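Read through the structure below, which is laid out as structure tokens, and then see the notes.
Protein chains: 2
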Amino acid sequence: MDTKTRMIETATKLFQQRGYKAVGLNELLQACGITKGALYHHFPGGKEELLIACLQSLNETLTMDIESLFNRATSTEAAVRAVIGEMIKDLDRDGTIAGYTFSSIVSEMSLLSEPARDACRALYEKIQSIFYAKLVEDGFTSDRASSISLFLTASIEGGLLLCRAQNSSIPLQTISNVLPELMKEF
Amino acid sequence: MDTKTRMIETATKLFQQRGYKAVGLNELLQACGITKGALYHHFPGGKEELLIACLQSLNETLTMDIESLFNRATSTEAAVRAVIGEMIKDLDRDGTIAGYTFSSIVSEMSLLSEPARDACRALYEKIQSIFYAKLVEDGFTSDRASSISLFLTASIEGGLLLCRAQNSSIPLQTISNVLPELMKEF
DNA sequence: TCCAGCATACCAACCGGTCTGTTTTACTAT
DNA sequence: ATAGTAAAACAGACCGGTTGGTATGCTGGA
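In order, the protein sequences belong to chains A and B.
The numbers in the numbering used here rise by one with no breaks, and the one at position 107 of the first sequence is 107.
Plus 186 on top of the position in the second sequence (first one is 1) and you've got the numbering used here.
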């Protein structure tokens, strides 16, 4: 794997886990096994340009991952369960989540960097669009589907926050159990 | 108002808006109109001790605010609408939220500081307990009430994240509209 | 006079970022 | 095949500014 890709992959995980500011440049370089020369060669804009690249890369991999889970699932209910299940698996194994989320970046950068905020917005839109498509497939009207897809995205991200605060995967498990129930009622 | 209280109130807003690391010590001092001497006089533990104090203070004021909204409301549905309404009002007025949330702190500090994580956990538990009490009052069983209260907390925090990413209050508005509907179905 | 309640001066460590220098690679003209 | 060359891909020293934190000085009230 080439240096640039390795940098993005490593940095993405770190940013997802701990946010932007909390990850120092030197720590980043050490984790990637590179030096400043390499970083500023590939990303003249420095740390922030790397962050944007991470978010864009995340957009692709996340889309692929979630879409693959959704294609294997028969209903939106099952699909959402599968996505949350993956998050719980990560959480229980590593004690932290390094996929399917970027809440730490959003809350930190939305006021700080317009490009970063835009990239985050694009990511959420992408996730919601996948939910939306499956919901329409399930027979929901367009309005309903877009409301629910936003709602799903929000409650999953919020559930992750609760998991982080409690240092446990129980909140996401609860949400995983409640969500499908709610979607039947519509 | 005495210096210590002023420090806590000002710092709380800043931490809520932008997180912990993103708020520098000097900026903090300037915003509070004090010097380092005063800070380290009242909080020998420095910035982190101040953060803990902020979270504890937030626990009290947040509880009072939300409980007051809940007491005036007839049902959980109306109460939740009122809480989200306050958030939206803040968001539309200031372009940022400085009350009813601390997601930026959670995502940033959960891996960094055990005491901070504990304080956040306590805060979420407190909020959920208020929801829970009202839900039981509405006639829900204990199990149901605790599931829904967790769910409410999660989706509100998640909705706020979406608002930050989109720089708009629409996500929270959507959630406000959908949530009560869901709660009737139970 | 004594001590809480600050203010001021200062510090080492670290921050992200720039700079210059070196190696590696890719291509080309002979 | 080979020598020459230019650009890409790094490496690492260095920089000014900022960080959180400390040590000391001052000051008004009990």
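We put the beta carbon where it would ideally sit given N, CA and C, even for glycine.
Every value quoted in this text rests on a predicted model; they were computed, and no experiment measured them.
Figure out for me which residue from A:Ile105, A:Val106, A:Leu62 and A:Gln166 has the closest Cα to the Cα of A:Glu86. Position 86 of the first sequence, counted from the start, is the residue given in the question as residue 86 of chain A. Here the closest residue by C-alpha is A:Leu62.
C-alpha distance - A:Ser147 paired with A:Ser155, whole-angstrom precision: Here residue 147 of chain A is taken as the residue at index 147 of the first sequence, counted from 1. Here residue 155 of chain A is taken as the residue at index 155 of the first sequence, counted from 1. Those two C-alpha atoms are separated by around 12 Å.
Rounded distance between the beta-carbons of A:Thr76 and A:Lys134, thought under 8 Å: Along the first sequence, read from residue 1 onward, the residue named residue 134 of chain A stands at position 134. Along the first sequence, read from residue 1 onward, the residue named residue 76 of chain A stands at position 76. The pair is a contact, with the Cβ atoms about 4 Å apart (cut-off 8 Å).
For a contact meaning CB atoms closer than 8 Å, what does A:Pro171 contact in chain B? Counted from its first residue, the first sequence places residue 171 of chain A at position 171. Under the 8 Å cutoff, chain B gives Leu336 and Ala340.
Check the Cβ-Cβ distances between B:Tyr240 and every residue of chain A, and say whether any is below 8 Å. Position 54 of the second sequence holds residue 240 of chain B. It should be noted that the sequence gives Cys, not Tyr, for residue 240 of chain B. No - not a single Cβ of chain A is within 8 Å of the one on B:Cys240.
Touch check for the stretch 111-122 of chain A and the stretch 192-210 of chain B: three-plus C-beta pairs under 8 Å? yes
Output needed for A:Leu69: all residues of its chain with C-beta closer than 8 Å, excluding positions within five of it in sequence on either side, in chain order. Counting from 1 along the first sequence, the entry for residue 69 of chain A is found at position 69. Within the same chain, A:Leu69 has close Cβ partners Ala79, Ala82, Val83 and Glu86.
Same chain, Cβ closer than 6 Å to B:His228, neighbours up to 5 away in sequence not counted: Position 42 of the second sequence, counted from the first residue, corresponds to residue 228 of chain B. For B:His228, where only same-chain residues beyond five positions count, the Cβ hits under 6 Å are Lys190.
Under 9 Å Cβ-Cβ, which residues of chain A neighbour B:Lys207? Translated into positions along the second sequence, residue 207 of chain B becomes position 21. Going along chain A in sequence order, the residues near B:Lys207 (Cβ under 9 Å) are Gly19, Tyr20, Lys21, Ala22 and Glu108.
Proximity of B:Ala351 and A:Tyr124 at Cβ, strictly below 8 Å: Along the second sequence, read from residue 1 onward, the residue named residue 351 of chain B stands at position 165. Along the first sequence, read from residue 1 onward, the residue named residue 124 of chain A stands at position 124. Cβ atoms of B:Ala351 and A:Tyr124: closer than 8 Å.
Where A:Val23 sits in the DSSP three-state scheme: Here residue 23 of chain A refers to the residue found at position 23 when the first sequence is read from its first residue. Coil, per DSSP.
Given a threshold of 16 other Cβ atoms within 10 Å of its Cβ, counted over all protein chains shown, does A:Gly159 qualify as buried or as exposed? Translated into positions along the first sequence, residue 159 of chain A becomes position 159. A:Gly159 is buried by the Cβ-count criterion.
Note down, in chain order, each residue of its chain lying with its Cβ closer than 7 Å to the Cβ of B:Ile252, except the 5 sequence neighbours on either side. Counting from one through the second sequence, the residue named residue 252 of chain B turns up at place 66. The residues are Val269, Ile313 and Ile316.
Rounded to the nearest angstrom, how far is the Cβ of B:Ala239 from that of B:Ile194, given a contact under 8 Å? For this step, residue 239 of chain B is matched to residue 53 along the second sequence. For this step, residue 194 of chain B is matched to residue 8 along the second sequence. That belief holds up - the Cβ atoms of B:Ala239 and B:Ile194 are roughly 6 Å apart, short of 8 Å.
Using CA atoms only, rank isn't needed, just tell me which of A:Cys163, A:Tyr132, A:Glu157 and A:Asp138 is closest to A:Ser149. Taking the first residue of the first sequence as 1, we reach residue 149 of chain A at position 149. The shortest Cα separation from A:Ser149 among A:Cys163, A:Tyr132, A:Glu157 and A:Asp138 belongs to A:Tyr132.
With respect to the alpha helix (DSSP H) encompassing B:Asp188, which residues constitute its N-terminal and C-terminal limits? Along the second sequence, read from residue 1 onward, the residue named residue 188 of chain B stands at position 2. Segment: none, B:Asp188 is in no alpha helix (DSSP H) and carries neither H nor E.
Partner residues on chain A for B:Tyr310, Cβ-Cβ distance less than 7 Å: Counted from its first residue, the second sequence places residue 310 of chain B at position 124. Neighbours of B:Tyr310 across chain A, judged by C-beta separation under 7 Å: Leu162 and Ala165.
Quick one: is B:Arg258 buried, meaning 16 or more other Cβ sit within 10 Å of its Cβ, or exposed? Here residue 258 of chain B refers to the residue found at position 72 when the second sequence is read from its first residue. The residue is exposed, with fewer than 16 neighbouring Cβ atoms inside 10 Å.
For a contact defined as C-beta to C-beta under 9 Å, what are the partners of B:Thr360 on chain A? Numbered from its first residue, the second sequence carries residue 360 of chain B at position 174. Under the 9 Å cutoff, chain A gives Ser146, Ser147, Leu150, Phe151 and Ala154.
What residues from chain A crowd round B:Val364, counting only those whose CB sits closer than 7 Å? Counting from one through the second sequence, the residue named residue 364 of chain B turns up at place 178. The answer, in chain order, is Ser147 and Phe151.
Would you identify the three-state DSSP class for B:Phe372, choosing helix, strand or coil? Indexing the second sequence from 1 puts residue 372 of chain B at position 186. In this predicted model, B:Phe372 has a pLDDT of only 49, less than 50, meaning its place in the structure is not dependable enough to derive any value.
Relative to chain A, which residues along the stretch 252-280 of chain B have a C-beta separation below 9 Å, given in chain order? Taking 9 Å as the upper bound on Cβ-Cβ separation, chain A lies near no residue of the stretch 252-280 of chain B.
Under 9 Å between beta-carbons, which chain A residues line up against B:Gly232? List them in chain order, please. Along the second sequence, one-based indexing puts residue 232 of chain B at 46. Ordered by position in chain A, no residue passes the 9 Å Cβ test against B:Gly232, which lies about 17 Å from the chain.
For B:Leu297, the three-state DSSP class (helix, strand or coil): Taking the first residue of the second sequence as position 1, residue 297 of chain B is located at position 111. It is coil, neither helix nor strand.
Just curious, the alpha helix (DSSP H) that A:Ala78 is in, first and last residue? Translated into positions along the first sequence, residue 78 of chain A becomes position 78. Segment Thr76 to Asp94, the alpha helix (DSSP H) holding A:Ala78.
Within its chain, find whatever has a CB closer than 7 Å to the CB of A:Gln56; leave out the 5 residues flanking it on each side and keep chain order. Indexing the first sequence from 1 puts residue 56 of chain A at position 56. The answer, listed in chain order, is Ala119.
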